[in-house]
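A.B. asks: In this note's numbering, the protein residues as written are 332 to 428.
Virtual Cβ for every residue (Gly too), placed ideally from N, Cα, C.
My structure is below; once you've seen it, I'll send some questions.
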Amino acid sequence: MKQLKAGVVGVGFIGAVHIEQLRRLGNVEVVALADEAGAQEKADALYVPHAYTNYKDMIDNEQLECVHICTPNSTHYEIAMPWRTPARPSACAARRA
Numbered sequence: 332m333k334q335l336k337a338g339v340v341g342v343g344f345i346g347a348v349h350i351e352q353l354r355r356l357g358n359v360e361v362v363a364l365a366d367e368a369g370a371q372e373k374a375d376a377l378y379v380p381h382a383y384t385n386y387k388d389m390i391d392n393e394q395l396e397c398v399h400i401c402t403p404n405s406t407h408y409e410i411a412m413p414w415r416t417p418a419r420p421s422a423c424a425a426r427r428a
């Protein structure tokens, strides 16, 4: 089975839960996270190899196949739009704010 490379934006309580659940799938490697506050410390604590304070930098610099947006609902659209390109099929499952 192909290993998928995932990134997580927002690593508060729910972001950490998403990282753990992605790992339990067995075919997903969480390669990066983005969080404005303490990104490197969170990456070290969660054993994620790359940390970013800006989600756009993570999207631009990593070869991600999926991104979990674990921020407040009102920010989902703004964060999802740079990810969506014709070269990247995408699905976004989030409530509208």
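1. Using the rule of at least 16 other Cβ atoms within 10 Å of the residue's Cβ for burial, across every protein chain shown, is Y386 buried or exposed?
2. Could you say if the segment 388-401 and the segment 333-346 meet the contact criterion of at least three C-beta pairs nearer than 8 Å?
3. In three-state terms, what does DSSP make of A384?
4. Within its chain, find whatever has a CB closer than 8 Å to the CB of A370; leave out the 5 residues flanking it on each side and keep chain order.
5. Near A374, which residues of its chain fall below 6 Å by C-beta distance, leaving aside the five closest residues on each side in sequence?
6. Are the Cβ atoms of P417 and I390 separated by less than 8 Å?
7. Check whether the Cβ atoms of I350 and V361 sit closer than 8 Å, and answer yes or no.
8. Going by Cα to Cα distance, which pick from R415, E409, H399, A347 is closest to L377?
C.D. replies: Judging by the given coordinates:
1. The sequence position of residue 386 within the sequence shown is 55, counting from 1. Result: buried.
2. yes
3. Translated into the one-based positions of the sequence shown, residue 384 becomes position 53. Correcting the residue type first, residue 384 is Thr in the shown sequence and not Ala. T384 falls in the coil class under three-state DSSP.
4. Here residue 370 refers to the residue found at position 39 when the sequence shown is read from its first residue. Answer for A370: V342, L364, A382, Y383, T384, listed in chain order.
5. The residue labelled residue 374 in the question sits at position 43 within the sequence shown. The residues are L364, A382.
6. On the sequence shown, residue 417 is found 86 positions in, with the first residue counted as 1. On the sequence shown, residue 390 is found 59 positions in, with the first residue counted as 1. Contact: no.
7. Residue numbering aside, residue 350 sits at position 19 when the sequence shown is read from its first letter. Residue numbering aside, residue 361 sits at position 30 when the sequence shown is read from its first letter. Taking 8 Å as the Cβ cut-off, I350 and V361 qualify as a contacting pair.
8. By 1-based counting over the sequence shown, the position of residue 377 is 46. Closest option to L377, Cα to Cα, is A347.
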